[in-house]
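Chemist: I'd like to ask some things about the structure below.
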Ligand SMILES: Cc1ncc(COP(=O)(O)O)c(C=O)c1O
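In our numbering, the protein residues as written are 11 to 411.
Now the structure itself:
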């Protein structure tokens, strides 16, 4: 069982803000001390570039950077040469969508869903426009879920790409991805999985999934911002054109042509995010120490408790009661979500309000914006109680006019 009092000792923000009720982990998690220490160590004790220098400090920095790649690869059961360090999920997804602009042809089809974060739709929308291929949407169930049956209705012999979320950042539903990948492969399509919301909550095994590409960010899993991962099957990555050109990604450069390294360095032009990769590896070790079973049990307990309490209030609409992870999306009748969020901040309660960079989900729900609370291991029952009492106080305040 998770002992939140002990866990909070690992998160220095609670020294500054002991009364913080942080319920916005789906946007960005709080940062754990071991990550901060590892990033700090790089800057305090090394601070030099990787892959270039012939001196001791450079060897040490390179060793830490490549060990971080190793840690990431084992974490998702990939090979080290299949892990590209990027700036985050958005960069990883854009890199793949850009690379496919020259591969896709007129009449090819790209399948996405209405549950996608903008970073898993917009790059493909532009790629579809530039390559004259067709963007198709998997219809959602009434509850807002992606199902295998619905996926089958848009899958055709022309489907070349399936870009899909593993866990929705608004609804918290887990996509039945294994079966979808199998079906996509039968048609010869590649699958790009947005795992930004999955990695903070569930173990990922890219080999068991047989997924072609997968992306996630460090900052949602206790790690640094500015670092993320692009996984790609080695055969596929080496088939793609590099996305950026520059230092340490070329083998031989002549006046009129050049040859490029194999993945992953082929996709890491210029100085990479060294401290970020080292910090991300520390975050992974921290998650492994806690264990996903404990994370799931703890956060789902908080979610269920909060749902039960929310239902005791009047005028609350909950949109995703059956979410598979600990995300609750809801609205308070007659009060704009931004007003509630601003009011909750008076009680040091941090929640998200808006369309959560997933406007198609808001359109599906038929609302302009919603409130979202999301839990992680540093939250406790008191956080849930403070949330509920501050929503009640906000209702009393706004509805008294
Ligand atoms: C499902 C999902 N995909 C992609 C992203 C984009 O992640 P980042 O901003 O770290 O690039 C997010 C961030 O909220 C997300 O929730």
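Note that the Cβ used here is the ideal one computed from N, Cα and C, for glycine as well. Note that the structure is a prediction, hence the values are computed from the model and not measured.
Taking the alpha-carbon positions, what's the residue 147 to residue 74 distance?
Modeler: If I take the Cα positions, the gap works out to 42 Å.
Chemist: What do you get for residue 329, buried or exposed, if any count of 16 or more other CB atoms within 10 angstroms of its CB means buried?
Modeler: Residue 329 is buried by the Cβ-count criterion.
Chemist: Is the segment 315–331 close to the segment 390–399, with three or more CB pairs under 8 Å?
Modeler: At 8 Å Cβ cutoff, the stretches touch.
Chemist: On the DSSP letters alone, give me the boundaries of the alpha helix (DSSP H) that residue 39 sits inside.
Modeler: Per DSSP, residue 39 belongs to no alpha helix (DSSP H) and is neither H nor E.
Chemist: Cβ of residue 202 within 8 Å of Cβ of residue 171?
Modeler: Cβ atoms of residue 202 and residue 171: closer than 8 Å.
Chemist: From the DSSP output, in three-state form, read off residue 352 for me.
Modeler: If DSSP states are grouped into helix, strand and coil, residue 352 belongs with the helices.
Chemist: Distance, Cα to Cα, residue 397 vs residue 354?
Modeler: Taking the straight line from one Cα to the other gives about 8 Å.
Chemist: Which runs of the alpha helix (DSSP H), 4 residues or longer, sit entirely within the segment 112–181?
Modeler: Entirely contained in the segment 112–181, the alpha helix (DSSP H) runs reaching 4 residues are, in chain order, 132–141, 158–164.
Chemist: Which residues bound the alpha helix (DSSP H) around residue 216?
Modeler: Counting along the chain, the alpha helix (DSSP H) containing residue 216 begins and ends at 216–219.
Chemist: Hey, would you say residue 323 sits closer than 8 Å to residue 401, going by beta carbons?
Modeler: Their beta carbons are under 8 Å apart, which means residue 323 touches residue 401 by this criterion.
Chemist: If we require 4 or more residues per run, which alpha helix (DSSP H) segments fall completely within the segment 208–269?
Modeler: Counting only runs of 4 or more, we get 216–219, 244–247.
Chemist: Would you check if the distance between the CB atom of residue 244 and the CB atom of residue 92 is smaller than 8 Å?
Modeler: In this structure, residue 92 lies closer than 8 Å to residue 244 by Cβ.
Chemist: Do residue 99 and residue 235 have their C-beta atoms within less than 8 Å of each other?
Modeler: Not a contact, by the Cβ cut-off of 8 Å.
Chemist: Less than 8 Å between the C-beta atoms of residue 380 and residue 339, yes or no?
Modeler: Cβ distance < 8 Å, so residue 380 and residue 339 count as in contact.
Chemist: If we call anything under 8 Å between Cβ atoms a contact, is residue 205 one with residue 224?
Modeler: Contact flag set, yes.
Chemist: Any chance the CB of residue 229 is under 7 Å from a heavy atom of ligand 3?
Modeler: By its list of ligands, the structure shown excludes ligand 3, since it contains just ligand 1.
Chemist: If I follow the unbroken beta strand (DSSP E) through residue 384, where does it start and stop?
Modeler: 380–384 is the span of the beta strand (DSSP E), which, as asked, contains residue 384.
Chemist: DSSP state of residue 336, grouped into three classes?
Modeler: If DSSP states are grouped into helix, strand and coil, residue 336 belongs with coil.
Chemist: What are the boundary residues of the beta strand (DSSP E) that includes residue 201?
Modeler: It spans 200–204 - the beta strand (DSSP E) in which residue 201 sits, taken as one unbroken run.
Chemist: Relative to ligand 1, is the shortest distance from any of its heavy atoms to the C-beta of residue 207 smaller than 7 Å?
Modeler: Checking every heavy atom of ligand 1 against the Cβ of residue 207, one is found closer than 7 Å.
Chemist: Taking 6 Å as the limit between beta carbons, can you name the residues of its chain near residue 217, skipping five residues before and five after?
Modeler: Result list for residue 217: 87, in chain order.
Chemist: Please identify the residue among 89, 101, 102, 124 whose C-alpha is closest to the C-alpha of residue 373.
Modeler: Answer by Cα proximity: 124.
Chemist: Check the DSSP bridge columns for residue 95 and list the partner residues they point to.
Modeler: For residue 95, which the question treats as bridged, DSSP gives the partners 239.
Chemist: Ordered along the chain, which non-local residues of its own chain (more than five positions away) have a Cβ less than 7 Å from that of residue 241?
Modeler: Excluding positions up to five away in sequence, the list reads 86, 88, 92, 93, 216, 223, 224.
Chemist: Would you say the beta carbon of residue 7 comes nearer than 7 Å to a heavy atom of ligand 1?
Modeler: The structure shown does not extend to residue 7, since the chain spans only 11 to 411, so no value can be given for it.
Chemist: Going by the beta-carbon positions, is the gap between residue 165 and residue 194 smaller than 8 Å?
Modeler: Yes, they are a contact pair.
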